[in-house]
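In what follows, a single structure is set out as structure tokens and then discussed.
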Amino acid sequence: MTTPTLHPAVPQLGRRSSAAKLKRRSAPYLFVLPFIVIFLAFSVYPLIFTARLSFTNWHGSGAAEWVGWGNYTYLLTSEAFWNSLANSAVLWLLILPIQIVLSVVVAVLLNSAKLRLRGLYRVAFIVPFVTPLVAVAQIWVVLFDQQYGAINAVLGTFGLPDIGWLTTSAWSKPTLALLFLWKTTGFIVIIVLSGLQSIDNSIYEAAEIDGASRLRQLWSITVPLLRRTIMFAVVLQTLAVFQMFAEPFVVTQGGPYNSTTTAGYYLYNHITRGDLGTGAANSFLLVILVLVLSLFFVRLLRAKD
0 MTTPTLHPAV PQLGRRSSAA KLKRRSAPYL FVLPFIVIFL AFSVYPLIFT ARLSFTNWHG
60 SGAAEWVGWG NYTYLLTSEA FWNSLANSAV LWLLILPIQI VLSVVVAVLL NSAKLRLRGL
120 YRVAFIVPFV TPLVAVAQIW VVLFDQQYGA INAVLGTFGL PDIGWLTTSA WSKPTLALLF
180 LWKTTGFIVI IVLSGLQSID NSIYEAAEID GASRLRQLWS ITVPLLRRTI MFAVVLQTLA
240 VFQMFAEPFV VTQGGPYNST TTAGYYLYNH ITRGDLGTGA ANSFLLVILV LVLSLFFVRL
300 LRAKD
């Protein structure tokens, strides 16, 4: 007898096998599909929209007028734009060197096995970072007020004159830099601390056998092995400083005499005036500037390697 009934089952089994294989292959893509949709909707589309907006003269309603490179030309020839970049650059110089050195020193102390209550100290250093910035900025306003602030009251007990911390161009940037340092140094300490804990203790043990002092170990072992961590922190804080907005907005409103109008605050001014095209062009110029700085630091790190 022949077995003709077996032949139709073979294609069916093949189709089922192909369907199961297709299902297995498509499953990972289905799982990541929500992320891709969200990424496209909230990252890629706004980026493309902003890029197109930067070439128009649009004020939030009506038809957008195409102006080509006009917004970029206006910004690159604007004294106020370059002044905002200069203010951010000065703040960067006031903040980064102090913050990196301070973070390394504090992280080394917190990493010491001889230190008691290490957990408590680590929490204490991270508290400013998780405190709402607006609340901290308001405290800064109260502390550094020229007439009623606590800082000038303390200086007055030593016979020193009142200082216009927030009302003079000479002191407004250092006061903002101090606020930024107090707010974010704990976060950088945590990053450096994680880098310290990845260093093998046997290296320090070998150095102690060779008679290296603690200071020599810090300079010759800790700092070189933390180079990548420190560079990561520098890039991270460079981004933060050039995007600084809430601090000048709450504390000084960009004054006095625009001395604390940072790049982020200058961008905000365009948005509040409804000049969205120029604001979009400004944001892209900032992105390019920060990208160039980041690539410079990465290249510097590779050169050191």
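Residue numbering for the sequence shown follows numbering that gives the first Met the number 0, beginning at 0 and increasing consecutively.
C-beta atoms are modelled at their ideal positions from N, C-alpha and C, and glycine is treated no differently.
| Check | Outcome |
| --- | --- |
| Whole-angstrom distance between W139 and I150, CA atom to CA atom | 10 Å |
| 6 Å CB neighbourhood of I198 in its chain, flanking five on each side removed | L224 |
| Counted within 10 angstroms of its Cβ, other Cβ atoms place G155 as buried (16 or more) or exposed | exposed |
| Among T184, F38 and L238, the one whose alpha carbon lies nearest that of A123 | T184 |
| Exposed unless 16 or more other CB atoms sit within 10 angstroms - verdict on V233 | buried |
| Cα-Cα separation, R301 to L29 | 38 Å |
| Buried or exposed (CB count within 10 angstroms, at least 16 for buried), F295 | exposed |
| First and last residue of the uninterrupted alpha helix (DSSP H) at R272 | Here R272 belongs to no alpha helix (DSSP H), and DSSP marks it neither H nor E. |
| Where W164 falls: helix, strand or coil (DSSP) | coil |
| Reduced DSSP category for Q184 - H, G, I as helix; E, B as strand; rest coil | Note that residue 184 is Thr in the sequence shown, not Gln. The answer is helix: DSSP assigns T184 an H, G or I state. |
| Ranges of the alpha helix (DSSP H) found wholly within the stretch 54 to 99, counting only runs of at least 4 | 69 to 75 |
| A211 (DSSP reduced to helix, strand or coil) | coil |
| Beta-carbon separation (whole angstroms), F241 vs S87, contact threshold 8 Å | 5 Å |
| Alpha-carbon spacing of L285 relative to A79, whole angstroms | 14 Å |
| 8 Å CB neighbourhood of Y264 in its chain, flanking five on each side removed | S83, M243, F244, P247, F248 and G253 |
| Any 3 or more C-beta pairs closer than 8 Å across the stretch 191 to 205 and the stretch 60 to 70 | no |
| Proximity below 7 Å, CB of L101 to CB of Q236 | no |
| Contact under 7 Å by Cβ, V188 with A106 | yes |
| Close-in-space but distant-in-sequence residues of the same chain around V135 (CB under 8 Å, 5 per side omitted) | P127, L178, W181 and K182 |
| C-beta contact flag for G276 and L52 at 7 Å | yes |
| Same chain, Cβ closer than 7 Å to L290, neighbours up to 5 away in sequence not counted | none |
| Own chain partners of S219 with C-beta closer than 6 Å, once the 5 adjacent residues on each side are dropped | none |
| Same chain, Cβ closer than 7 Å to T228, neighbours up to 5 away in sequence not counted | I190, V191 and G194 |
| Residues near Q216 in its chain [Cβ-Cβ closer than 7 Å; skip 5 each side] | Y203 and A206 |
| For P33 and L175, the rounded distance between their alpha carbons | 41 Å |
| Proximity below 7 Å, CB of A280 to CB of T49 | no |
| Cβ-based neighbour list, V89, same chain, cut-off 8 Å, excluding 5 preceding and 5 following | K172 |
| Local Cβ density within 10 Å of H269, reported as buried at 16 or more and exposed below that | buried |
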